[in-house]
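J.:
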Ligand code: PHB
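Residue numbers (my numbering): 6 to 559.
(1) Applying the criterion that 16 or more other CB atoms from any shown protein chain within 10 Å of the CB defines a buried residue, is residue 444 buried or exposed?
(2) How do the region 183-192 and the region 146-166 stand: do at least 3 beta-carbon pairs fall below 8 angstroms, yes or no?
(3) Run the proximity test for residue 154: is its beta-carbon closer than 8 angstroms to any non-hydrogen atom belonging to ligand 1?
(4) Heavy atom of ligand 1 less than 8 angstroms from the Cβ of residue 194, yes or no?
(5) Under 8 angstroms from any heavy atom of ligand 1, does the C-beta of residue 225 make it?
(6) Between the region 527-543 and the region 413-420, can you find at least three pairs of beta-carbon atoms closer than 8 angstroms?
(7) For residue 534, collect the residues of the same chain with a Cβ closer than 6 angstroms to its Cβ; drop the 5 residues on either side in sequence, then sort them by chain order.
(8) From which residue to which residue does the beta strand (DSSP E) around residue 236 run?
(9) Compute the beta-carbon to beta-carbon distance between residue 256 and residue 238, rounded to the nearest angstrom, for a pair I have assumed lies under 8 angstroms.
(10) Between which two residues does the beta strand (DSSP E) harbouring residue 60 extend?
(11) Which term fits residue 11, buried or exposed, when burial requires 16 or more other beta carbons within 10 angstroms of its beta carbon?
(12) Have a look at residue 115 and residue 352 and give me their C-alpha separation to the nearest angstrom.
(13) Between which residues of its own chain and residue 484 is the CB-CB distance below 8 angstroms, once the five residues before and five after are set aside?
(14) How about residue 258: is its Cβ closer than 8 angstroms to a heavy atom in ligand 1?
(15) How many angstroms separate the CA atom of residue 338 from the CA atom of residue 306?
(16) Less than 8 angstroms between the CB of residue 213 and some heavy atom of ligand 1, yes or no?
(17) Use the C-beta contact count for residue 359: other C-beta atoms within 10 angstroms, 16 or more gives buried, fewer gives exposed.
(18) Looking at residue 24: is its Cβ nearer than 9 angstroms to the Cβ of residue 496?
(19) Grouping DSSP H, G and I as helix and E and B as strand, with all else coil, what is residue 503?
(20) Does DSSP classify residue 187 as helix, strand or coil?
(21) Determine the DSSP secondary structure at residue 121, reduced to helix, strand or coil.
(22) Check whether the Cβ of residue 272 lies closer than 9 angstroms to any Cβ atom in chain C.
(23) Counting C-beta neighbours from all protein chains within 10 Å, is the total for residue 18 16 or more, i.e. buried, or is it exposed?
(24) Taking DSSP as the reference, what is the three-state secondary structure of residue 384?
(25) From the DSSP output, in three-state form, read off residue 2 for me.
(26) Considering only the alpha carbon of each residue, which of 210, 205 and 309 lies closest to residue 66?
(27) Just to confirm, are residue 404 and residue 439 a CB contact at a threshold of 9 angstroms?
(28) Using 8 angstroms as the cut-off, classify the Cβ of residue 208 as near or not near the heavy atoms of ligand 1, replying yes or no.
(29) Starting from residue 70, follow its DSSP beta bridges and name the residues at the other end.
(30) Can you look up residue 279 in the DSSP assignment and give me helix, strand or coil?
(31) With 16 as the cutoff for other CB atoms within 10 Å, does residue 81 come out buried or exposed?
(32) Specify, as a first and last residue, the run of the beta strand (DSSP E) that residue 221 falls within.
(33) Go ahead and label residue 270 buried or exposed: buried means 16 or more other beta carbons lie within 10 angstroms of its beta carbon, across all protein chains shown.
(34) According to the neighbour-count rule (16 or more other Cβ atoms, all chains shown, within 10 Å of its Cβ), is residue 550 buried or exposed?
(35) Heavy atom of ligand 1 less than 8 angstroms from the Cβ of residue 252, yes or no?
(36) Out of 553, 364, 98 and 325, which one is the CA nearest neighbour of residue 357?
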């Protein structure tokens with residue numbers, strides 16, 4: 006949410022109205038942690054109901070949100086906009102690994118944050134939070150005066166920047182425009198800000214002594230580009246149970262300094278511009294086809310305007326208008342009006358002929374979506390699957406020698422036990438378990454088979470280790486497992502793997518049915534294709550959500 010600062014500047018004449026309205030809806034959804042009824046969106050944005058309806062159906066078509074009953078819900082696909090910014094600025098790619106190893110060597114959290122007007126936005130987190138403190142997500146925004154990085158950035162502020170800060174402080178003294186921070190720290194953050202900024206300018210580092218919340222302490226240094234401008238700040242974050250602000254600085258400053266040196270070297274080594282984006286017509290063709298199919302319910306100019314942001318992906322820190330038009334397949338005039346609109350809203354900035362995406366793009370739901378767990382990403386896809394096949398569907402992960410359910414959408418109950426999230430079964434006797442075992446490295450799989458006692462749970466349970474080994478090999482080859490009445494009489498289950506970005510099997514999804522209702526052949530023909538499509542949709546979400554964040558397994 007943008008803090009209320011000054012009176013809103015009227016959009017330029019060439020601005021694309023539907024793009025402005027679509028982004029307003031996305032911001033309201035992001036501020037409501039990803040879910041809001043269409044009625045509430047109408048009230049919050051002041052837009053007409055029919056306008057919000059069209060925005061919602063357009064964004065549903067682009068995969069940026071889902072409609073669940075009366076609610077619009079942000080979807081992981083939306084993160085492709087934030088990913089484009091993060092890829093363009095290259096900070097997580099170039100500096101993230103250095104931040105991670107600093108966190109490892111200090112055993113404290115380390116973050117990378119960038120300036121966003123009079124705020125500070127997180128671009129990378131290497132989290133080692135042990136006790137009692139809140140953790141910021143990628144995309145979260147701090148007021149500059151709360152936390153260590155802000156004073157470093159403010160050291161370069163102009164009179165105009167300070168004026169903006171004073172206006173925002175006067176308009177929002179409780180930081181209500183910054184939902185990621187608690188309303189009051191322990192210290193008077195605003196009162197000491199100008200002094201801390203002067204100190205930061207002189208010392209080259211800045212400390213946070215519980216400016217955000219009691220207990221939270223940090224020390225930060227700026228990382229400068231070849232022209233000496235601070236592009237981001239690296240913070241080491243700890244807790245008063247381990248360090249005072251003073252002792253943290255003494256303990257970590259030398260190594261923080263070293264890391265900053267390595268980061269500045271990485272920035273200048275990685276500075277050569279990426280090759281121009283490949284010319285593409287796919288986005289433009291897709292929006293045209295969607296318009297033809299959906300008619301007035303698809304607002305083409307909104308979809309096209311958002312496409313413009315994705316042109317900066319693959320490390321394109323800045324692009325001229327022509328390259329944006331070529332990468333998206335949009336007419337030059339369309340791309341230009343979209344860029345003008347995005348610039349008006351501060352999602353894009355320009356320097357001469359070159360446009361670049363700004364960190365403000367991350368306010369479009371990135372923080373909320375980056376915190377989704379695998380089961381949360383999965384649940385809506387299971388709901389869709391169950392709507393299609395009218396049988397129960399689940400996701401499970403391996404936990405010791407068991408599988409454990411992490412998501413489930415039941416229809417009628419066909420098991421003697423009631424399966425809920427958390428339910429465990431022996432992996433060897435279940436379809437999801439066999440899928441998960443088949444995804445293990447060969448030696449680990451063999452080890453498990455050797456140590457597991459294969460008890461007959463029904464008269465059909467495979468209890469021969471050799472036969473089970475052959476089943477697992479076949480599962481790996483064929484990419485699915487069907488188990489008939491081996492866990493419980495009358496129960497049939499078919500399961501497929503879910504892979505993470507690196508191709509590792511991290512979970513399995515299944516559909517379970519009554520064995521008497523149809524044949525195993527039917528399960529393969531009718532259930533396997535939609536089940537595979539579901540796994541593919543979950544994997545596509547994980548690709549996007551896991552690019553710059555870590556998806557929590559459960
Ligand atoms: C954080 O990364 O969580 C963080 C960074 C700087 C602060 C406080 C917390 O001053």
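Each residue gets a CB set at the ideal place from its N, CA and C atoms; glycine is no exception.
T.: Judging by the given coordinates:
(1) Your numbering for residue 444 matches position 439 in the chain shown. Buried, since its Cβ has 16 or more Cβ neighbours within 10 Å.
(2) yes
(3) Here the question's residue 154 lines up with position 149 in the chain shown. Indeed, a heavy atom of ligand 1 lies less than 8 angstroms from the Cβ.
(4) For this step, residue 194 is matched to residue 189 along the chain shown. The answer is no for residue 194.
(5) The sequence position of residue 225 within the chain shown is 220, counting from 1. Indeed, a heavy atom of ligand 1 lies less than 8 angstroms from the Cβ.
(6) no
(7) By 1-based counting over the chain shown, the position of residue 534 is 529. None.
(8) As a working mapping, residue 236 is identified with position 231 in the chain shown. It spans 235-244 - the beta strand (DSSP E) in which residue 236 sits, taken as one unbroken run.
(9) The residue labelled residue 256 in the question sits at position 251 within the chain shown. The residue labelled residue 238 in the question sits at position 233 within the chain shown. Contact flag wrong, Cβ pair sits at about 18 angstroms.
(10) Working through the chain shown from its first residue, we reach residue 60 at position 55. Note, residue 60: premise wrong, no beta strand (DSSP E); alpha helix (DSSP H) at 54-66.
(11) Translated into the one-based positions of the chain shown, residue 11 becomes position 6. At residue 11, the pLDDT of 48 sits below 50, so the modelled position is not reliable and the matter cannot be decided from this model.
(12) Start at 1 with the first residue of the chain shown, and residue 115 comes out as number 110. Start at 1 with the first residue of the chain shown, and residue 352 comes out as number 347. So the two alpha carbons sit approximately 26 angstroms from each other.
(13) The sequence position of residue 484 within the chain shown is 479, counting from 1. Answer for residue 484: 501, 502 and 537, listed in chain order.
(14) By one-based count along the chain shown, residue 258 stands at place 253. No, ligand 1 has no heavy atom inside 8 angstroms of this Cβ.
(15) Position 333 of the chain shown, counted from the first residue, corresponds to residue 338. Position 301 of the chain shown, counted from the first residue, corresponds to residue 306. Cα to Cα, the separation comes out at about 12 angstroms.
(16) By one-based count along the chain shown, residue 213 stands at place 208. Answer for residue 213: yes, Cβ within range of ligand 1.
(17) By one-based count along the chain shown, residue 359 stands at place 354. With fewer than 16 other Cβ atoms within 10 Å, it is exposed.
(18) As a first step, residue 24 is located in the chain shown; it is residue number 19 there, counting from the start. As a first step, residue 496 is located in the chain shown; it is residue number 491 there, counting from the start. No, Cβ-Cβ distance for residue 24 and residue 496 is not below 9 angstroms.
(19) Position 498 of the chain shown, counted from the first residue, corresponds to residue 503. Reduced to three states, the DSSP call for residue 503 is strand.
(20) The residue you call residue 187 lines up with position 182 of the chain shown. Coil at residue 187, not helix or strand.
(21) Counting from one through the chain shown, the residue named residue 121 turns up at place 116. The answer is strand: DSSP assigns residue 121 an E or B state.
(22) The chain inventory of the structure shown lacks chain C, comprising one protein chain alone.
(23) Mapped onto the chain shown, residue 18 falls at position 13. Looking at its Cβ environment, which holds fewer than 16 other Cβ atoms inside 10 Å, residue 18 is exposed.
(24) Taking the first residue of the chain shown as position 1, residue 384 is located at position 379. If DSSP states are grouped into helix, strand and coil, residue 384 belongs with the helices.
(25) Absent from the model: residue 2. The displayed extent of the chain is 6 to 559, so no value can be given.
(26) In the chain shown, counting from the first residue as 1, residue 66 sits at position 61. The option with the nearest alpha carbon to residue 66 is 309.
(27) Walking along the chain shown from the start, residue 404 turns up at place 399. Walking along the chain shown from the start, residue 439 turns up at place 434. No, these two residues do not count as a Cβ contact at 9 angstroms.
(28) One-based indexing of the chain shown puts residue 208 at position 203. No, the beta carbon of residue 208 sits no closer than 8 angstroms to any heavy atom of ligand 1.
(29) As a position in the chain shown, residue 70 is number 65, starting the count at 1. 79, per the DSSP bridge assignment.
(30) Locating residue 279 in the chain shown gives position 274, where the first residue counts as 1. Note: residue 279 maps to coil in three-state DSSP.
(31) As a first step, residue 81 is located in the chain shown; it is residue number 76 there, counting from the start. The residue in question, residue 81, is buried, as its Cβ has 16 or more Cβ neighbours within 10 Å.
(32) On the chain shown, position 216 is the one that residue 221 refers to. It spans 221-229 - the beta strand (DSSP E) in which residue 221 sits, taken as one unbroken run.
(33) As a working mapping, residue 270 is identified with position 265 in the chain shown. Answer is exposed; the Cβ neighbour count stays below 16.
(34) Position 545 of the chain shown, counted from the start, is the residue given in the question as residue 550. Looking at its Cβ environment, which holds 16 or more other Cβ atoms inside 10 Å, residue 550 is buried.
(35) To locate residue 252, count along the chain shown from 1; it is residue 247. The answer is no for residue 252.
(36) In the chain shown, residue 357 corresponds to position 352, counting from 1. Put simply, of 553, 364, 98 and 325 the residue whose alpha carbon is nearest the alpha carbon of residue 357 is 325.
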